[in-house]
């Protein structure tokens with residue numbers, strides 16, 4: 089499959105291929121959002137900020153990136169950007185709380201900051217996709 093075809097927004101539909109295609113795009117665009125998250129987090133940690141708050145600020149940078157890519161490249165919203173934006177803010181607030189709680193818990197269990205953040209990111213990926221697909225960008 090040519091890269092251009094893979095990267096285009098999935099056509100509306102509900103079949104398994106549509107779900108696979110949109111999840112694949114969700115993961116690919118997630119790499120960009122995670123890069124924004126981790127870059128901001130890294131700068132803050134290197135500047136002396138504690139890990140969990142630095143992750144929170146980085147998470148918000150990644151969230152802005154995620155919204156733009158999800159709205160215009162991954163999902164086929166059935167409502168306008170205003171509705172999707174409000175729903176996204178609600179979901180992202182829940183994700184920020186989950187990110188912070190999971191990260192703090194994994195650090196408390198003995199993982200160092202960066203491995204704990206990677207595990208947290210992977211664990212949240214599947215729930216994020218379902219929330220975006222079934223509610224935010226519906």
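Numbering (the working numbering), first residue to last: 89 to 226.
All residues carry an ideal CB built from backbone N, CA and C; glycine is no exception.
C-beta contact flag for residue i and residue j at 7 Å
i: residue 162; j: residue 110; result: yes
i: residue 129; j: residue 121; result: no
i: residue 191; j: residue 208; result: yes
i: residue 114; j: residue 146; result: no
i: residue 157; j: residue 117; result: yes
Cα-Cα separation between residue i and residue j, rounded to whole angstroms
i: residue 225; j: residue 106; result: 15 Å
i: residue 204; j: residue 166; result: 36 Å
i: residue 188; j: residue 104; result: 33 Å
i: residue 220; j: residue 194; result: 25 Å
i: residue 144; j: residue 133; result: 11 Å
i: residue 55; j: residue 155; result: Outside the displayed span of the chain (89 to 226) sits residue 55, for which this structure offers no information.
i: residue 197; j: residue 168; result: 43 Å
Selected residue, minimal CA-CA separation from residue i, among the options
i: residue 138; options: 182, 151 and 202; result: 202
i: residue 150; options: 175, 135, 180 and 133; result: 180
i: residue 176; options: 123, 222 and 127; result: 222
i: residue 214; options: 183, 199 and 133; result: 183
i: residue 217; options: 123, 134 and 159; result: 159
i: residue 186; options: 200, 211, 136 and 164; result: 211
**Asked** Which runs of the alpha helix (DSSP H), 4 residues or longer, sit entirely within the region 168-217?
**Response** 169-196
4 or more residues per run - each alpha helix (DSSP H) lying fully within the region 92-169:
104-134 and 139-157
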